[in-house]
Amino acid sequence: MADSRDVVLGRIRKALADRPNPPAVSRDYERARPVGDAVALFAERVADYRAVVHRVREAALPSRIEESLRARGARKMIAPVDLPGWWRVGEVVWSLDAPAHPLPRAKLDGSDGVLTGCAVAIAETGTIVLDAGEAQGRRAVTLLPDYHLCVVREDQIVGTVPEAIALLNPAHPLTFISGPSATSDIELDRVEGVHGPRNLEVLVVG
Amino acid sequence: MSRNPVTWLGSPAFPDAARTALADTQLRGNLAHATTTIRTKRAAAVAELPDWERLRRAGEAIKDDVLSHLDVYLTRLEASVTARGGQVHWARDAAEANEIVLGLVRAAGAREVVKVKSMATAEIGLNEALEAGGVTAVETDLAELIVQLGDDRPSHILVPAIHRNRSEIRDIFRATMPHARDVSDRPADLAEAARLHLRRKFLSAKVGISGANFAVADTGSVVVVESEGNGRMCLTLPETLITVMGLEKVVPTWADLEVFLQLLPRSSTAERMNPYTSVWSGVTPGDGPQTFHLVLVDNGRTATLADRVGRQALRCIRCSACLNVCPVYERTGGQAYGSVYPGPIGAILTPQLGGGSGDPSTDALLRSLPFASSLCGACYEVCPVRIDIPEVLVHLRSRAVEAKGPYTPEAVAMAAASWVMGSPKRFHLAQRLGSLLRLVARRGRIRRLPWPGSKWTDARDAPVPAAESFSAWWARTRG
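Keeping their order, the protein sequence lines are chains D and F.
Under my numbering, the first residue of the first sequence carries the number 1, and numbering increases by one thereafter.
Under my numbering, the first residue of the second sequence carries the number 207, and numbering increases by one thereafter.
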């Protein structure tokens, strides 16, 4: 529709015949600010969304994962193929999703959960960002299972939203996750758990 | 339920619709409860950020920059999206946008599409157009689903079913969902019913349709902000994704999102961050839809852009904070505005987007909307991009009055007032006559005046004039 394109662009140029010249954008807001203990703040803010949060030492991570899966009663777990092998523990069957061999949707949907890492985490807002990079998999992998167990390294946590935006590459598909799926559509009251994973558990590793 | 773009066809002008809405005590109770909840939460979420005012000013400035160079940023966005494997379409109006989308859905071989909540598609009446073309559009946002299943109209930008309470929603679900015959009215159970209802549709849909909260010109990245995960489903699982977006949603750079991803969630759902934000740039092999279409819609936006005062309405990021603080909206609800854009922002956006409809009853509705306000200014104070809504309301009111010509009751009254005030003698006489109105007052208020005064007292009480004018009192006591 080349002509519609020309028509719309022509209308815009005509509408701007007065050549509006707004003042330059002043970016005097705080890109970063002291947030105290960013790791503690992140853990607190994630928990505010009614997600489950544990802080663990790196050496204790496998036993923590095992305990979380046992507590959850998980038997069939999904993991992206590049998830560190030593994270795949517990008395569960692990199915690996790989770019060359993607798992069928029914398999993802019928699983008990998914274990991933993340790209960046934001302390002030309690947000985890996935960028389909290492240990995160394609988007469907963290969407269809009802339980998402996510490992966040302390050095991945930044204080503010602008700090996270600066680290992310928008050429990758990105998903910002702040707590489990929720809705405020009934009387503007927040209820956790609709279509996305209804259970989010975060392991902060230091 | 047929509708023309932006407004609902056959909607009465605001004062008539408001009268009906005000008589609905259930509606008023539901609205007062919901808006009070969200107002308190928003204030707390905003107070957490020490630089909130600076963020608002940055948001305003970025949007003003976008609007001043809209042609540049849109062509840049088109190039970025195309370079990353997406296809960009341009639509002059609602009809053309609907035609493009219907053609794309047919080309994908789909009879049913899953939809993410989107104001742009509601504005152009896409669902109805698809239905007329033999395609079923399934709304997947919980509130949109409630509206769709209840054969109802939306009444809020963020929470279209805000006018419904939990027991009304339970009744709609029981009547329309086969597996929900005995669902309770607990919000968690209602959400579970919606999950079951939509799960299979998500897994089998060939085409997803979304709007866009932002699109980055430099990188071609499109952003959708949501809560339930229905957005992620629609944006990730179908083979084909069609995104319909108003021209003004473009932002120049990736870094601009650092401002809007702070302003929007706190203003909208009053959260530090909404549960899910999805960002994609064109097509990613092996991850998500392998065909991506971006439809850029004008539909009155360029006409709005031409108005030097009114164009600031195009800064709007659809957060709905202005609805929640508006004393008029809180009492009448959104349906009285006769448009998908209700509340203060609707009162300035709808008349501009829908201008020149050519239909007399629609024009009467559009002219009435700028008067649906007490000009208290609460909307301007909460607006995250500092749209001076009262300024635009007054501007549109003057346009509406000018359009009516020189012989309206207001014009005649103003001419008479100007004649009276033109002479001290006539003015003093008028003041003495005015004092006589005290005779019809009851308990300090005048509730009903004879015509033409009834034009005023039909909608409001008049204060009682003083027994004696200031100048008469001055002359008597100090003269």
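The C-beta atom is built at its ideal place from N, Cα and C for all residues, glycine as well.
Please read all numbers here as calculations on a predicted model, not as lab measurements.
Using the three-state DSSP reduction, which class does residue i fall into: helix, strand or coil?
{"i": "THR459(F)", "result": "coil"}
{"i": "LYS293(F)", "result": "Residue identity differs from the one stated: residue 293(F) is Gln in this sequence, not Lys. In the structure shown, GLN293(F) sits in a strand (DSSP, three-state: E or B)."}
{"i": "GLY117(D)", "result": "coil"}
{"i": "ALA349(F)", "result": "helix"}
{"i": "TYR482(F)", "result": "strand"}
{"i": "PRO80(D)", "result": "strand"}
{"i": "HIS369(F)", "result": "coil"}
{"i": "LYS321(F)", "result": "strand"}
{"i": "SER675(F)", "result": "coil"}
{"i": "HIS362(F)", "result": "coil"}
{"i": "SER526(F)", "result": "coil"}
{"i": "MET451(F)", "result": "strand"}
{"i": "SER208(F)", "result": "Note that SER208(F) scores a pLDDT of 40, beneath 50, so its modelled location is shaky and nothing firm can be said."}
{"i": "ALA668(F)", "result": "strand"}
{"i": "VAL515(F)", "result": "coil"}
Figure out for me which residue from the options has the closest Cα to the Cα of residue i.
{"i": "ARG105(D)", "options": "MET479(F), LEU409(F) and CYS440(F)", "result": "LEU409(F)"}
{"i": "ALA250(F)", "options": "GLU477(F), ALA609(F), ASN505(F) and LEU280(F)", "result": "GLU477(F)"}
{"i": "GLY113(D)", "options": "ALA47(D), LEU200(D), ILE122(D) and ILE177(D)", "result": "LEU200(D)"}
{"i": "SER4(D)", "options": "VAL294(F), TRP214(F) and LEU228(F)", "result": "VAL294(F)"}
{"i": "ASN505(F)", "options": "PRO557(F), ASP299(F), HIS369(F) and ALA553(F)", "result": "ASP299(F)"}
{"i": "PRO481(F)", "options": "VAL191(D), ALA24(D) and VAL81(D)", "result": "VAL191(D)"}
{"i": "GLU454(F)", "options": "ALA326(F), LEU447(F) and LYS412(F)", "result": "ALA326(F)"}
{"i": "ILE165(D)", "options": "GLU44(D), GLU134(D), GLY85(D) and ALA119(D)", "result": "ALA119(D)"}
{"i": "PRO550(F)", "options": "GLY562(F), SER563(F) and TYR535(F)", "result": "TYR535(F)"}
{"i": "VAL450(F)", "options": "GLU398(F), VAL311(F) and ALA223(F)", "result": "VAL311(F)"}
{"i": "ARG579(F)", "options": "ASP569(F), GLU587(F) and ILE595(F)", "result": "The question names Arg, but residue 579(F) in the sequence shown is Ser. Answer by Cα proximity: ILE595(F)."}
{"i": "ILE65(D)", "options": "VAL152(D), PRO102(D) and ILE186(D)", "result": "VAL152(D)"}
{"i": "THR697(F)", "options": "LEU502(F), ARG521(F), LEU443(F) and GLU464(F)", "result": "With chain F covering 207 to 685 only, the question about residue 697(F) has no answer from this structure."}
{"i": "ILE330(F)", "options": "SER545(F), PRO533(F) and ARG290(F)", "result": "SER545(F)"}
Roughly how many angstroms lie between the CA atoms of residue i and residue j, to the nearest whole one?
{"i": "TYR613(F)", "j": "LEU571(F)", "result": "20 Å"}
{"i": "CYS589(F)", "j": "GLN518(F)", "result": "12 Å"}
{"i": "ALA512(F)", "j": "PHE466(F)", "result": "25 Å"}
{"i": "GLY356(F)", "j": "ASN304(F)", "result": "24 Å"}
{"i": "LEU144(D)", "j": "PRO180(D)", "result": "13 Å"}
{"i": "LEU332(F)", "j": "GLY452(F)", "result": "14 Å"}
{"i": "TRP87(D)", "j": "GLY137(D)", "result": "15 Å"}
{"i": "GLY560(F)", "j": "SER567(F)", "result": "12 Å"}
{"i": "LYS107(D)", "j": "ARG198(D)", "result": "18 Å"}
{"i": "ILE12(D)", "j": "LEU115(D)", "result": "48 Å"}
{"i": "ARG10(D)", "j": "SER563(F)", "result": "Rather than Arg, the amino acid found at residue 10(D) in this sequence is Gly. Roughly 21 Å between the two C-alpha positions."}
{"i": "ARG654(F)", "j": "GLY437(F)", "result": "53 Å"}
{"i": "ARG405(F)", "j": "SER274(F)", "result": "43 Å"}
Near residue i, which residues of its chain fall below 8 Å by C-beta distance, leaving aside the five closest residues on each side in sequence?
{"i": "ARG139(D)", "result": "LEU130, ALA132, PRO173 and THR175"}
{"i": "GLU308(F)", "result": "Note on residue identity: the sequence assigns Leu, not Glu, to residue 308(F). For LEU308(F), where only same-chain residues beyond five positions count, the Cβ hits under 8 Å are ALA335, LEU336, GLY339 and VAL341."}
{"i": "LEU228(F)", "result": "ARG234, ARG537 and THR538"}
{"i": "VAL39(D)", "result": "ARG55, ALA123, GLU154, ILE157, VAL204 and GLY206"}
{"i": "ARG57(D)", "result": "VAL205 and GLY206"}
{"i": "LEU469(F)", "result": "LEU261, ARG262, GLY265, ILE523, CYS525, PRO590 and VAL591"}
{"i": "ALA672(F)", "result": "SER641"}
Buried or exposed, going by whether 16 or more other CB atoms sit within 10 Å of the CB of residue i?
{"i": "ASP271(F)", "result": "buried"}
{"i": "ALA665(F)", "result": "exposed"}
{"i": "MET620(F)", "result": "exposed"}
{"i": "LYS631(F)", "result": "exposed"}
{"i": "ASN169(D)", "result": "exposed"}
{"i": "GLY435(F)", "result": "buried"}
{"i": "PRO360(F)", "result": "buried"}
{"i": "VAL591(F)", "result": "buried"}
{"i": "HIS195(D)", "result": "buried"}
{"i": "PRO557(F)", "result": "buried"}
{"i": "TRP296(F)", "result": "buried"}
{"i": "ASP37(D)", "result": "exposed"}
{"i": "ARG70(D)", "result": "exposed"}
{"i": "MET627(F)", "result": "exposed"}
{"i": "GLY426(F)", "result": "buried"}
{"i": "PRO211(F)", "result": "buried"}
{"i": "ARG401(F)", "result": "buried"}
Once you ignore the five residues that flank residue i on each side, which residues in its own chain have a CB closer than 7 Å to its CB?
{"i": "VAL8(D)", "result": "none"}
{"i": "MET479(F)", "result": "PRO471"}
{"i": "GLN354(F)", "result": "GLU345"}
Return the chain-ordered list of same chain residues with a C-beta closer than 6 Å to the C-beta of residue i, the five sequence neighbours on each side being excluded.
{"i": "ARG27(D)", "result": "none"}
{"i": "PRO162(D)", "result": "ARG31"}
{"i": "ILE268(F)", "result": "ASP462"}
{"i": "ARG45(D)", "result": "GLY126"}
{"i": "ARG282(F)", "result": "ALA423"}
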